[in-house]
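What follows is one structure encoded as structure tokens, with my remarks underneath.
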Amino acid sequence: MVVKNSTQQLLENFPKYVTEVQSSPSYVEMYTGNNKDIVLVYSKGKQSIGPTDDCEELELTGSPLKLDLSLHTILDETMMPDEPQLWKKEENFHNPIDIEKSREIANFYNKILSETNKEDAIPMWVLCNPSSENKPLLLTIQSDNTNFTRGIVTYEGSSTLDEVDVDKLIQDFATQAGVKEDMVNLSVNCKYVLSGTTYSTVNTNELLNAPHGGVTELLCSWSARTLLTPYINCKVNYAQEVIVGHLASPCNTLWKSVSSLHNINQILVEMTAAGFSSVNLETAEIRNTVQGMKTPDVTKRLNKLFNETEIYTYTAECPAGGCICVTEDTDSLRQCLSSMAANGSSNDFTYKLWDILRDCGNAEELITLLLQALKFVSSGKIRPFIDVNNKTYLSKLVLKLSRGHSQTSKVLKNLRSSPPQALSLVAQVGIEKTMWEYTKVMSLVEHSFYIAGIWNADTRSHESIEQINQTIQDMTMGGDFTLNPFESVSTGEHSIRLDSDSFYCEDTNELTVDDFASLKNHGLVNERKDANEVPLIADEIDISPWKNLLMKFAQVHVCLEHLYRVENCLRVNFDQMKPIASKLLELYVSEKSPVRTIGQLLSDPVQKICLPITNIIVQDHLK
8 MVVKNSTQQL LENFPKYVTE VQSSPSYVEM YTGNNKDIVL VYSKGKQSIG
58 PTDDCEELEL TGSPLKLDLS LHTILDETMM PDEPQLWKKE ENFHNPIDIE
108 KSREIANFYN KILSETNKED AIPMWVLCNP SSENKPLLLT IQSDNTNFTR
158 GIVTYEGSST LDEVDVDKLI QDFATQAGVK EDMVNLSVNC KYVLSGTTYS
208 TVNTNELLNA PHGGVTELLC SWSARTLLTP YINCKVNYAQ EVIVGHLASP
258 CNTLWKSVSS LHNINQILVE MTAAGFSSVN LETAEIRNTV QGMKTPDVTK
308 RLNKLFNETE IYTYTAECPA GGCICVTEDT DSLRQCLSSM AANGSSNDFT
358 YKLWDILRDC GNAEELITLL LQALKFVSSG KIRPFIDVNN KTYLSKLVLK
408 LSRGHSQTSK VLKNLRSSPP QALSLVAQVG IEKTMWEYTK VMSLVEHSFY
458 IAGIWNADTR SHESIEQINQ TIQDMTMGGD FTLNPFESVS TGEHSIRLDS
508 DSFYCEDTNE LTVDDFASLK NHGLVNERKD ANEVPLIADE IDISPWKNLL
558 MKFAQVHVCL EHLYRVENCL RVNFDQMKPI ASKLLELYVS EKSPVRTIGQ
608 LLSDPVQKIC LPITNIIVQD HLK
């Protein structure tokens, strides 16, 4: 309350200046050694650096020098900035205040504190104009119930590293303070900018198209009496800012799946709550569109997939199963992610189909291409390869249709008339595939059982899925089955009900369910079921775990973005990255994680970390 009243009075008496309680800016933190909350006063300006004379500014509009946002296609994370940045991007807008006015503000703040309880008081720092007499940079007031302190930071000049005599600085300080030299403690802080730069823009599209995907720095500190970095025993913090979804990042192969799943889940939740007629499929966005991104030709890619799969049928060549982007020869995240971007992660037909459908512009296009794919599968021209570990309902449907089914047209008609069915079938493949990909990639730098444990508690196991399939089959083959074939959306809050009845044959010459049950009861039909019989489609897909899973995807993805830049900027191998990976997962995949939703990263893609790391892996950078 004391702080709030103080800042309010300051704003009323000095309305021209910005007065706010915030964590210490970088130019204060370098003197205090911490980023505790302070009262900061400064003048708000358009920009504190750069040309101020309008006539000196270049007008680039329409000229050959106009900024080309496509530069991200040729720049990478290893490029160095033109000059090191000492300030955070938002601090470039902090303008100084004349020293006389600064003293007036400080005196007024001290007067306020003298009339109130100082127990809750926090220090004030005023940004001063160094062109004033004695070149002041900062003025500070730090008072409590028993002490009063006023300090001023002045500019003394600049020196090269070799010109600085640390011992003389300590001597002069000891003499001025009237203490012995051995009582003086020395702390040296040093920043190494390894790559990238930070941006002052707040426009998401500009961030995602920026020449760099973030900034990477080493923050070092030591107490030895030297300005040369003692790389053996100095403390090192790894500071990094990444832009999630940056168009040049190879991690985008995974991020495209996550953002599309987020959009599909939003559509399904809305359909479940208000009915699928409440959603306009032509405007319901699937692909997350970013300015500067090339629009994929999904129809062309689907036809290419058909041709590839047709080759397997006529040449009897069965593609390899499992993960094709992680092999025994994989020795870097860059190699793995580049392979995934070029060839995908699996030869599974439904997984390849998801890689195409996730790039659809809207839900209408997605459903149309899905039906086109299923119709082509049912033609018998291709024999789609399904990985043995793929337990999704769409994979079962694809296998069933590819073997021939008398009611294929009814299956397709049913999916066309029920968008929730189609979307949930596709999204389930996306969920399973994305979960599997994150597990495979992150297992390069962390134990696979740990990564798998991130989502195991949140998803239905394959065993329970098989139990559900068996239950559906039993119900269908039994006599007392009353599932309503016209009910498209279940009464459950987060589930999509699928019309199982309508997928079974209605040939007048065939036995009905009731006839079959009657014959079975009279012992006229063998009770043993065909072990290879696969239900056409599940009765219900539960989407309730997806929200939590998507949050986990977002959290793990931020870890991956950081780790990719760790690998490139520090030039380290998997073994050296493992301790950093563990710290990142501990930070992001937890109850206290700064990342809670995918939408949060879509609107604010910048994520920052500062982690202590062993200096052994960065010795080459510190020398």
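So for the sequence shown, this note's numbering puts the first residue at 8; every next one is plus one.
Note that the Cβ used here is the ideal one computed from N, Cα and C, for glycine as well.
On a predicted model such as this, the values are computed, not experimentally measured, just so you know.
In the structure shown, Ser165 adopts coil according to DSSP, grouped into three states. Cys258 and Cys241 do not touch by the CB rule: their CB atoms are close to 31 Å apart, not below 8 Å. Under DSSP, Ile620 takes part in a beta bridge, and its partners are Val243. Burial check for Pro32: the Cβ neighbour count within 10 Å reaches 16 or more, so the residue is buried. For Tyr199, DSSP records a beta bridge to Leu225.
Val448 is the residue among Gly299, Ser413, Leu120, Val448 whose C-alpha sits nearest the C-alpha of Met347. For the 9 Å CB-CB criterion, Asn272 and Trp462 do not form a contact. Non-local beta-carbon contacts of Thr337 in its own chain, meaning distances under 6 Å to residues more than five positions away in sequence, involve Cys343 in chain order. Inclusion of Asn212 and Val297 in the CB contact set at 9 Å is warranted, their separation being smaller than that value.
Comparing alpha carbon positions, the residue from Val133, Glu593, Ile363 closest to Gly158 is Val133. Under DSSP, Cys135 shares a beta bridge with Ile104.
Taken atom to atom, the span from the alpha-carbon of Leu422 to that of Leu401 is near 12 Å. Going by DSSP, Ile45 is part of the beta strand (DSSP E) stretching over 44-51.
Remark: C-beta atoms of Ile438 and Leu556 approach each other more closely than 9 Å. By the beta-carbon neighbour count (other beta carbons within 10 angstroms, threshold 16), Glu574 is buried. Of all alpha-carbon atoms in Gly328, Ser284, Glu371, Lys615, the one lying nearest the alpha-carbon of Arg294 is that of Glu371. In the three-state reduction of the DSSP assignment, Glu453 falls in the coil class, being assigned neither a helical nor a strand state. Exclusion of the five residues before and after Tyr24 leaves Val48, Ser50 as the residues of its chain whose Cβ lies within less than 6 Å of its Cβ.
Distance from the Cα of His253 is smallest, within the candidate group Met278, Val222, Arg308, for Val222. Counting along the chain, Gln183 sits inside the alpha helix (DSSP H) bounded by residues 173-184. Ranked by how close their Cα comes to the Cα of Glu107, the residues Ser138, Tyr321, Asn124, Asp127 have Ser138 in first place. Runs of the alpha helix (DSSP H) lying entirely within the stretch 326-412 and spanning at least 4 residues, in chain order: 340-350, 356-364, 370-385, 400-409. Residue state for Asp582 is assigned as helix, using DSSP reduced to three classes. Contact annotation: the stretch 594-603 does not touch the stretch 280-289, with fewer than three C-beta pairs closer than 8 Å. Under DSSP, Arg157 shares a beta bridge with Ile148. Taking the Cα of Arg232 as reference, the smallest distance to any Cα among Val433, Val191, Ile605 is reached at Val191.
Excluding residues up to 5 positions away in sequence, Thr316, Pro391, Phe392, Ile393, Val405 lie with their Cβ nearer than 7 Å to the Cβ of Phe356 in the same chain.
DSSP, reduced to helix, strand and coil, places Gln298 outside both helices and strands of the structure shown, so it counts as coil. Of the residues assessed, Gln183 falls on the exposed side of the cut-off, its CB having fewer than 16 other CB atoms within 10 angstroms. According to the DSSP secondary-structure assignment, Lys615 is paired through a beta bridge with Glu248. Per DSSP, the beta-bridge partners of Gln29 are Ile45. The DSSP-derived three-state label of Glu292 is strand.
Boundaries of the alpha helix (DSSP H) around Tyr321: 305-322.
Within the DSSP bridge table, the entry for Pro143 names Thr161 as partners. Here DSSP, grouped into helix, strand and coil, assigns Trp94 to coil. With contacts defined by Cβ atoms closer than 9 Å, Val418 and Leu408 form a contacting pair.
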